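In terms of the numbering used here, the sequence shown opens at residue 208 and continues consecutively. Heads up: the structure comes next, in structure tokens.
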Amino acid sequence: MLVQLIRASEIMDTLFWLQAYGDPGPFLQGLSPEARRFAEINYGPWDRLNADQPFLPGVGPKPPGARFYPEDMTKEEFERAELPAKKDLYTYLRRDTAGKLVVVPYREAHREALGKAAGLLESAAELSREPNLTRYLKLRALALRSDDYQPSDMAWMDMKDNSIDVVIGPIETYEDQLFGYKAGFEAYVLLKDMEWSRRLAHYAQFLPELQRGLPVPERYKQESPGTDSDLNAYDVLYYAGHCNSGSKTIAINLPNDEEVQLKKGSRRLQLKNAMRAKFDRILVPIARELIAEDQQKHITFPAFFGDTMFHEVAHGLGIKNTLNGRGTVREAIKEHYSALEEGKADILGLYMITRLHEKGELKDAELMDYYTTFMAGIFRSVRFGASSAHGKANMIRFNFFAERGAFSRDPQTGRYRVDLQKMREAMDALSEKILTLQGDGDYEGVAALVQQMGVVKPELQADLDRLGRAGIPVDVVFEQGIEVLGLDKL
208 MLVQLIRASE
218 IMDTLFWLQA
228 YGDPGPFLQG
238 LSPEARRFAE
248 INYGPWDRLN
258 ADQPFLPGVG
268 PKPPGARFYP
278 EDMTKEEFER
288 AELPAKKDLY
298 TYLRRDTAGK
308 LVVVPYREAH
318 REALGKAAGL
328 LESAAELSRE
338 PNLTRYLKLR
348 ALALRSDDYQ
358 PSDMAWMDMK
368 DNSIDVVIGP
378 IETYEDQLFG
388 YKAGFEAYVL
398 LKDMEWSRRL
408 AHYAQFLPEL
418 QRGLPVPERY
428 KQESPGTDSD
438 LNAYDVLYYA
448 GHCNSGSKTI
458 AINLPNDEEV
468 QLKKGSRRLQ
478 LKNAMRAKFD
488 RILVPIAREL
498 IAEDQQKHIT
508 FPAFFGDTMF
518 HEVAHGLGIK
528 NTLNGRGTVR
538 EAIKEHYSAL
548 EEGKADILGL
558 YMITRLHEKG
568 ELKDAELMDY
578 YTTFMAGIFR
588 SVRFGASSAH
598 GKANMIRFNF
608 FAERGAFSRD
618 PQTGRYRVDL
628 QKMREAMDAL
638 SEKILTLQGD
648 GDYEGVAALV
658 QQMGVVKPEL
668 QADLDRLGRA
678 GIPVDVVFEQ
688 GIEVLGLDKL
């Protein structure tokens, strides 16, 4: 069954290449082995971890719309075009023989490939012994052929006890940097960690209590978070397409369909083996370089797992609608919403850890482990660049913590030391600031915060450069596939 799921995922990989760059065959054949490997990691000649800068001579800028739209199409032309399905997630914009814009559904553009992938999912369904998984795979196969993914998303949310999972199809829209309308093909083949998943399910019950205890005036915490959060741990067996391009995801929150979310909730998937790889290969070496020697013992995997997991859960805390009639928080603070929301999830995740640790609910690590690992995690994440939403959130937090004395830097050694009490105070202060800005829909206040604090200052940049010189990678690359898993012997 895993073989069929991986084969179907390989097709998603091929389709994402077409969306991100075009046919890679001739392009890859002309490269040296080293350049070819880097192009495969990036799905094209642009470095995804360096603001999409070209890394090969003679290559121009990456088209913001990738291959979802004609390269010569302007935003104005798109807006003028009277095409009903032009904004759909699962359509391309192309030109007809007269040069006019036309809409081409994914199911038509990739009829043969998607039909083959659907057939593989149906074969996997025949081998499944879990009824809900069988139903989901059959519905997902129908979705690949029809571009109607909602029934299979509903079925996916109904799966609770399956040991094998697959997330497959056109899902996230990050590759479309022109409008953010079009979904990129991707796939994850997953093995559920039942024991860890049972432990995680335990924490959802505390969300209302944690919401009531937020360090902010009462009016900013009137909304009630749902307790039906589906929180599970998995080992990833295979990444393909969008999720395999550039940096590797260590946690997923799906489905994106708001209707499904309202009816079924959403599922947060913690990818345990991917986290472990980043912890061992990146976070621990960063800590050896930048964290005070006597605090390095506080860098632990349970703390890293907890910091990552509670970030995802913390998206459910806080406030979604402004208190002064400015609409939703998203509408009110516009382009700064993503950066502030990621910052909120980071800091409220740490708040949740602190409160649950006080209640005796977190026994895998000391509070100092969570705080010190959180600090090292800022250095890891900001290396992906300060221009993204996550990057800006990291820098706001780092600079806010610096101002409040949450950590100190030894100028002799260039190492950082966490002050537990001051970091707790800074955590509460930043939580209050972010939640107040969101609740007030204070666009100007958020813009000022991002402008003042969402930047990498020279001293930090010099420390980050040290990590590069020490040979610490920015991210990991996986050895994966049917042969690596030994499935070719079956």
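Here a beta-carbon is modelled for each residue, glycine too, at the ideal position from N, C-alpha and C. Because the structure is a prediction, the values reported are computed rather than measured.
Burial check for Arg426: the Cβ neighbour count within 10 Å stays below 16, so the residue is exposed.
Between Leu385 and Gly272, the C-beta spacing is below 9 angstroms. Looking at the backbone, the Cα of Lys323 and that of Ala394 are separated by about 15 angstroms.
Your pair Ala600 and Ala546 checks out as a contact, with CB atoms roughly 5 angstroms apart and the cut at 8 angstroms.
For the pair Ser359 and Arg347, the CB atoms are nearer than the 9 angstroms cut-off.
Judged by pairs of C-beta atoms under 8 angstroms, the segment 401-409 does not touch the segment 444-454, as fewer than three such pairs exist. Ranked by Cα distance from Arg474, the first of Asn480, Ile459, Ala481 and Asn369 is Ile459. Less than 9 angstroms divides the Cβ of Asp442 from the Cβ of Leu397. Linking Ile248 to Gly534 through their CA atoms gives a straight-line distance of about 41 angstroms. In the pairwise beta carbon analysis, the segment 539-558 is classified as not touching the segment 463-477: fewer than three pairs are separated by under 8 angstroms. Here DSSP, grouped into helix, strand and coil, assigns Thr529 to coil.
Contact between Leu497 and Asp365 does not hold, since the beta-carbon distance rounds to 45 angstroms and is not under 8 angstroms. Put simply, the backbone Cα of Gln687 is about 24 angstroms away from that of Pro492. Between the segment 553-563 and the segment 415-431 there are three or more C-beta pairs closer than 8 angstroms, enough to call the two in contact. Collapsing the DSSP output to three states places Ser216 in a helix. For the 9 angstroms CB-CB criterion, Val373 and Leu697 do not form a contact. Under the DSSP definition of a beta bridge, Lys399 partners with Tyr441.
An exposed status is given to Val684, since fewer than 16 other beta-carbon atoms sit within 10 Å of its beta-carbon. Residue pairing by DSSP puts Phe392 in a beta bridge opposite Pro377.
By the CB criterion at 9 angstroms, His505 and Asp553 fall outside the cutoff.
Between Ala331 and Ile218 the beta-carbon gap is near 13 angstroms, outside 8 angstroms, which marks them as no contact. Remark: C-beta atoms of Glu666 and Gly525 do not approach each other more closely than 9 angstroms. Contact between the segment 622-635 and the segment 595-614 is established, with three or more Cβ pairs separated by less than 8 angstroms.
Spanning the alpha carbons of Ala440 and Asp259 requires a straight line of approximately 31 angstroms. Counting every other CB atom within 10 Å of its CB across the protein chains shown gives Pro240 a total below 16, marking it as exposed.
For Leu300, there is no enclosing alpha helix (DSSP H); the residue is part of the beta strand (DSSP E) that begins and ends at Thr298 to Arg302.
Secondary-structure assignment with DSSP links Leu478 through a beta bridge to Tyr441.
Annotation: the segment 283-345 contains the following complete segments of the alpha helix (DSSP H) (minimum length 4 residues), in chain order: 313-316 and 318-334.
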